[in-house]
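Colleague: This note's numbering applies: residue 30 is where the sequence shown begins, and numbers increase by one.
Every residue gets a Cβ at the ideal spot worked out from N, C-alpha and C, and that includes glycine.
For reference, the structure I am asking about is given below.
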Amino acid sequence: MTRTDDGVATTRSAEVAVIGGGIVGLSTAYALQEQGVPVRLYEAGLPGMGQSAGESRIFRHAHDDPRLVTFARGSRAVWDEWAEHFDVELVSSDGVVAIGDGALERLRVLDKVGVAAREIDADELAERMPLLAGYSGPAMFDEAGGAIRTRAAITALTDALGDAVVTGEVISIDHRADGTVEVRSVTDSAIHSKVVVCAGRETARLARSVGLSLPVRLAAHVRLTFDVRSAPPAQVACLQDSSGEFGEVGVYAAPLPGNSRYAVGLSQTVGVRDDGTFIDPAAIRSLDQRAHDYVARALPGLDPEPRDFLHCWVTELPWSEDGVAVWEAGSISFVAGHNLFKQAPALGRALAQAATGGGLAAELKSEARLGELQ
Ligand SMILES: Cc1cc2nc3c(=O)[nH]c(=O)nc-3n(C[C@H](O)[C@H](O)[C@H](O)COP(=O)(O)OP(=O)(O)OC[C@H]3O[C@@H](n4cnc5c(N)ncnc54)[C@H](O)[C@@H]3O)c2cc1C
30 MTRTDDGVAT TRSAEVAVIG GGIVGLSTAY ALQEQGVPVR LYEAGLPGMG
80 QSAGESRIFR HAHDDPRLVT FARGSRAVWD EWAEHFDVEL VSSDGVVAIG
130 DGALERLRVL DKVGVAAREI DADELAERMP LLAGYSGPAM FDEAGGAIRT
180 RAAITALTDA LGDAVVTGEV ISIDHRADGT VEVRSVTDSA IHSKVVVCAG
230 RETARLARSV GLSLPVRLAA HVRLTFDVRS APPAQVACLQ DSSGEFGEVG
280 VYAAPLPGNS RYAVGLSQTV GVRDDGTFID PAAIRSLDQR AHDYVARALP
330 GLDPEPRDFL HCWVTELPWS EDGVAVWEAG SISFVAGHNL FKQAPALGRA
380 LAQAATGGGL AAELKSEARL GELQ
């Protein structure tokens, strides 16, 4: 044990600290553990209950930026590796269907990168997505996409990390003269060689404390879960609907494990002020109603009365709703972006590489603006 300048007892702890036990922090800590690097993960509450809460997310390759498609493809490979290692399904094998003209534009990007995706006709669409109303417009199928089994992933990674996960909110991070970092949590203070901040909506605040201003826009989001009316379909793809055919242009939807429930959200978010209050408190209720009305029109296979709500913070970068970037200040890295669940394994490995002296991948530097429409 040593003492800081103000006399507080500190321990020289694990080499790398990860702050935040959402999917990104857990993936980063696990990637460090894979390399044999001693790691400590600080989580203020329960792992996976921030932006990573809920039972399902979509893994899709379709993005506007070919570099992000390539990154997603790399992440898909790590999901498979981890699924085999933990002997648990982490991404379903039913694929993702996307409908609307935008789907075909993204198909061109997937073709360029060499991802297995193709245009499908109305019959194949009905077979792959049996809950959807009749639709005969443009449609594409992303074969290696699927529903991420979020709870299985959070549980497997948390269990694998074991005692490396400590419960405690980090209240400050400070560089010391020797280049190490002092991390103070509510229960202790420890010294680490490197710190990786994956604190979701709190990342920007922690970055400000070391003089970095991240261009993160905070918003709120709602996703509703609906019961499948009849027996759960044996196979059901995730859905992205930009068609406008059913009255909305930004809908994403995914089955929950077992296929007896299906989660539906509008990609539109609700604006939030810097202090976290809603600019228009009624807006979130109007999203509830629009999701309900959309389900009544587009998804006759579902009961349109929602069974559950998932409310969550969104932390978007200005150049894309799928944008992601890492900022570095001395021995501390900060990661920010949105729609990161699918990217977390590749992101975790990249952050682990940077924390162990391998350098940050060029596409993750903020100036690369990964995710921007190319
Ligand atoms: C409704 C909804 C649907 C989505 N759909 C998709 C999708 O289909 N596909 C996809 O890829 N992504 C999707 N996303 C986005 C994705 O879920 C998030 O980008 C991802 O979960 C973010 O993970 P994270 O680890 O960065 O953050 P979080 O999960 O928020 O984790 C941050 C953690 O840090 C902890 N923390 C914060 N401050 C401190 C502190 N000071 N000390 C210690 N711990 C701290 C928090 O308690 C939290 O557990 C969706 C998000 C929402 C809300």
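Taking the continuous alpha helix (DSSP H) assigned at T179, which residues delimit it?
Modeller: Here the alpha helix (DSSP H) through T179 covers T179 to L190.
Colleague: Which residues share a DSSP beta bridge with M169?
Modeller: In the DSSP output, where bridge partners are listed per residue, M169 has A127 and E148.
Colleague: Between the segment 370–378 and the segment 49–69, can you find at least three pairs of beta-carbon atoms closer than 8 Å?
Modeller: As far as the Cβ criterion goes, the segment 49–69 touches the segment 370–378, which means the pair count is three or higher.
Colleague: On the CB-based measure, 16 or more other CB atoms within 10 Å of its CB, does L75 come out buried or exposed?
Modeller: Burial call: exposed.
Colleague: Return the CA-CA distance between E334 and A112, expressed in angstroms with no decimal places.
Modeller: Whole-angstrom Cα-Cα distance: 34 Å.
Colleague: Tell me whether S42, by its Cβ, gets closer than 7 Å to a heavy atom of ligand 1.
Modeller: Incorrect: S42 has no Cβ contact closer than 7 Å to ligand 1.
Colleague: Based on Cα-Cα distance, which residue from F338, A354, G240 and D337 lies nearest to E345?
Modeller: Selected option, being the one with the closest Cα: A354.
Colleague: Along the beta strand (DSSP E) that carries W356, what are the first and last residues, could you check?
Modeller: Residues V353 to A358.
Colleague: Considering only residues of the same chain and omitting the five flanking positions on each side of D34, which have a CB-CB separation below 6 Å?
Modeller: With a pLDDT of 48 at D34, under the threshold of 50, the modelled position of this residue cannot be trusted; read the value that follows with caution. Once the five neighbours on either side are set aside, D34 has no close Cβ partner at all.
Colleague: List in chain order: all unbroken alpha helix (DSSP H) runs of 4+ residues lying wholly within the segment 197–275.
Modeller: Runs found: 232–237.
Colleague: Would you kindly work out how many angstroms separate the C-alpha atoms of G36 and S218, rounded to a whole number?
Modeller: A caution first: G36 carries a pLDDT of 48, below 50, which makes its placement in the model too unreliable to give a value.
Colleague: If I measure Cβ to Cβ from H250 and keep anything under 6 Å in the same chain, skipping five residues before and after, which residues do I get?
Modeller: These residues qualify, in order along the chain: T298, C341 and V343.
Colleague: Going by DSSP, what residue range makes up the beta strand (DSSP E) through I308?
Modeller: Where I308 is concerned, there is no enclosing beta strand (DSSP E), given that its DSSP letter is neither H nor E.
Colleague: Can A181 be considered in contact with ligand 1, in the sense that its beta carbon sits closer than 7 Å to one or more heavy atoms?
Modeller: Outside the cutoff, so no.
Colleague: Would DSSP call E392 helix, strand or coil?
Modeller: Three-state DSSP puts E392 in a helix.
Colleague: Report buried or exposed for R398, applying the criterion of at least 16 other Cβ atoms within 10 angstroms of its Cβ.
Modeller: Counting Cβ neighbours within 10 Å, R398 comes out buried, since at least 16 surround it.
Colleague: Please state if the CB of Q64 and the CB of A381 are separated by a distance shorter than 8 Å.
Modeller: It is a contact, given that the beta carbons lie within the stated cut-off.
Colleague: With 8 Å as the threshold, decide whether the Cβ of V355 is near any Cβ in chain D.
Modeller: You won't find chain D in this structure, because it holds only one protein chain.
Colleague: I need the straight-line Cα distance from E47 to G387, nearest angstrom please.
Modeller: Residue identity differs from the one stated: residue 47 is Val in this sequence, not Glu. About 17 Å.
Colleague: What distance in whole Å lies between the Cβ atoms of V215 and E231, which are believed to be in contact at a cut-off of 8 Å?
Modeller: Not a contact, Cβ separation roughly 14 Å.
Colleague: Out of T187, T209, L243 and G175, point me to the one whose CA is closest to K371's CA.
Modeller: Checked all of T187, T209, L243 and G175; the closest Cα to K371 is G175.
Colleague: Can you name, in chain order, every residue of its own chain whose Cβ lies under 8 Å from the Cβ of A185, other than the five neighbours on each side?
Modeller: Closer than 8 Å at the Cβ level, and outside the excluded window around A185, lie W111, F115, V117 and L119.
Colleague: Taking the alpha carbon of Q264 as the reference point, which residue from L61, V98, V125 and H92 has its own alpha carbon closest?
Modeller: With distances taken between Cα atoms, Q264 lies closest to V125.
Colleague: Between which two residues does the alpha helix (DSSP H) carrying F115 extend?
Modeller: Its alpha helix (DSSP H) spans residues P95 to F115.
Colleague: Please return the same chain residues whose Cβ sits closer than 6 Å to the Cβ of G359, not counting the five positions on each side in sequence.
Modeller: Cβ within range, chain order: H204.
Colleague: I'd like the list of long-range same chain contacts for G366, defined as Cβ closer than 6 Å, with 5 residues on each side in sequence excluded.
Modeller: Hits under 6 Å: L346, G352 and V353.
Colleague: Restricting to runs no shorter than 3 residues, where is the beta strand (DSSP E) found entirely within the segment 38–94?
Modeller: Runs of the beta strand (DSSP E) inside the segment 38–94: 38–41, 45–48, 68–72 and 86–88.
Colleague: Among residues of its own chain, excluding the 5 on either side of R246, which ones have a beta-carbon nearer than 7 Å to its beta-carbon?
Modeller: For R246, where only same-chain residues beyond five positions count, the Cβ hits under 7 Å are E345 and P347.
Colleague: Along the chain, where does the alpha helix (DSSP H) containing R378 start, and where does it finish?
Modeller: It spans A373 to A384 - the alpha helix (DSSP H) in which R378 sits, taken as one unbroken run.
Colleague: Using 8 Å as the cut-off, can you tell me whether the segment 305–319 makes contact with the segment 258–272, which would need three or more C-beta pairs spanning the two stretches below that distance?
Modeller: Verdict: no, contact absent.
Colleague: So, L339 versus F255, is the Cβ gap smaller than 8 Å?
Modeller: No, Cβ-Cβ distance for L339 and F255 is not below 8 Å.
Colleague: With distances taken between CB atoms, is the gap from V324 to R290 smaller than 8 Å?
Modeller: No, Cβ-Cβ distance for V324 and R290 is not below 8 Å.
Colleague: Let me know the secondary structure DSSP gives E153 once reduced to three states.
Modeller: It is helical.
Colleague: Suppose you measure from the CA of I87 to the CA of H221; what does that come to, to the nearest Å?
Modeller: Roughly 35 Å between the two C-alpha positions.
Colleague: Using CA atoms only, rank isn't needed, just tell me which of L70, T385, L402 and V364 is closest to R234.
Modeller: Checked all of L70, T385, L402 and V364; the closest Cα to R234 is V364.
Colleague: Could you give the distance in angstroms between the alpha-carbon of A145 and the alpha-carbon of Y281?
Modeller: Spanning the two alpha carbons is a distance of roughly 20 Å.
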